[in-house]
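Data block below; observations after.
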């Protein structure tokens, strides 16, 4: 009886071990299938994730010309917006009023972008009200920036006199911006800054042509 019991006990233990082993295999298989499914989707996400870090890496680093462009264009744009803000209450021509609005709508977002670049580069953002002409070049080159006297004259003008003064001064202002943008394209390294420079050349050249036409100069 003892031997029979021992045999049965051994059989039961062996059966339990086999059952436990089979369960472990099944669990491992299920876990593998679940992980495999996760891995497939993970690979999809992984390839997408690996693509995004490569995007910033594809952008070239900034150089001194990019910094000069950003630091010079910010006060330049600010002055253009200051001029444009005078038009709603002083201009007579609807075309001049619309032109002023277009200038403000285009240049205000660019100021924010330029400021963001400088901050990310660890460079100084020109303070509001700063009109540093040194960034535009030497030999008295102000990049088309208005003098205090010119701005005061524009503020005091109204009607057709304002329209004429606004367009004549803005043409000079735009020509300075286009020259700065061309310098950035020739010497800059930062891709986005060069792209903005091209946009400035295109849009402001078109506005110069429009203002010359309104002035009867073309």
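Numbering (our numbering), first residue to last: 1178 to 1395.
Even for Gly, the Cβ is constructed at its ideal location relative to N, Cα and C.
Original post:
If you draw a straight line from the alpha carbon of residue 1375 to that of residue 1326, how long is it in whole angstroms?
Top reply: 31 Å
Original post:
Tell me, which residues are paired with residue 1321 by DSSP?
Top reply: None; residue 1321 has no bridge partner.
Subject >> Check whether residue 1338 and residue 1381 have beta carbons under 7 Å apart >> reply: no
Original post:
If we call anything under 7 Å between Cβ atoms a contact, is residue 1386 one with residue 1240?
Top reply: no
Original post:
What are the start and end residues of the alpha helix (DSSP H) that includes residue 1337?
Top reply: Here the alpha helix (DSSP H) through residue 1337 covers 1336-1364.
Original post:
Looking at C-alpha atoms only, which residue of 1293, 1389, 1238, 1287 is the closest neighbour of residue 1358?
Top reply: 1287
**OP:** List the residues that DSSP assigns as beta-bridge partners of residue 1277.
**Re:** In DSSP, residue 1277 forms no bridge with anything.
Subject >> Below-7 Å beta-carbon distance, residue 1246 vs any chain C residue >> reply: No chain C is part of this structure, which consists of one protein chain only.
Original post:
Near residue 1392, what residues of its chain come up, given a Cβ to Cβ distance below 6 Å and the 5 sequence neighbours on each side ignored?
Top reply: Spatial neighbours of residue 1392 in its own chain (CB-CB distance under 6 Å, excluding positions within 5 residues in sequence) are listed in chain order as 1344.
Original post:
Going straight from the alpha carbon of residue 1442 to that of residue 1335, what length do you get?
Top reply: Past the boundaries of the shown model lies residue 1442; the chain is included only from 1178 to 1395, so the question cannot be answered.
**OP:** For my contact list, residue 1258 and residue 1281 are in at a C-beta cut-off of 8 Å; report their separation, rounded to the angstrom.
**Re:** 5 Å
Original post:
Given a threshold of 16 other Cβ atoms within 10 Å of its Cβ, counted over all protein chains shown, does residue 1305 qualify as buried or as exposed?
Top reply: The residue in question, residue 1305, is exposed, as its Cβ has fewer than 16 Cβ neighbours within 10 Å.
Original post:
The alpha helix (DSSP H) with residue 1252 in it runs from where to where?
Top reply: That run of the alpha helix (DSSP H) goes 1241-1261.
**OP:** Look at residue 1321 and residue 1349 and say whether their C-beta atoms are less than 7 Å apart.
**Re:** Result yes, Cβ atoms of residue 1321 and residue 1349 sit closer than 7 Å.
Original post:
In terms of residue numbering, what span does the alpha helix (DSSP H) encompassing residue 1265 cover?
Top reply: 1264-1267
Original post:
With distances taken from CA atoms, which of 1243, 1369, 1360, 1364 is nearest residue 1300?
Top reply: Checked all of 1243, 1369, 1360, 1364; the closest Cα to residue 1300 is 1243.
Original post:
Assuming residue 1277 and residue 1340 make a contact with CB atoms under 8 Å, what is their CB distance in whole Å?
Top reply: With a Cβ gap of about 10 Å, residue 1277 and residue 1340 do not count as contacting.
Original post:
Between residue 1328 and residue 1303, what straight-line distance do the alpha-carbon atoms span, to the nearest angstrom?
Top reply: Taken atom to atom, the span from the alpha-carbon of residue 1328 to that of residue 1303 is near 20 Å.
Original post:
Helix, strand or coil: which one does DSSP assign to residue 1297?
Top reply: helix
Original post:
Between which two residues does the alpha helix (DSSP H) harbouring residue 1382 extend?
Top reply: 1368-1391
**OP:** State the Cα-Cα distance for the pair residue 1296 and residue 1394, rounded to the nearest angstrom.
**Re:** 42 Å
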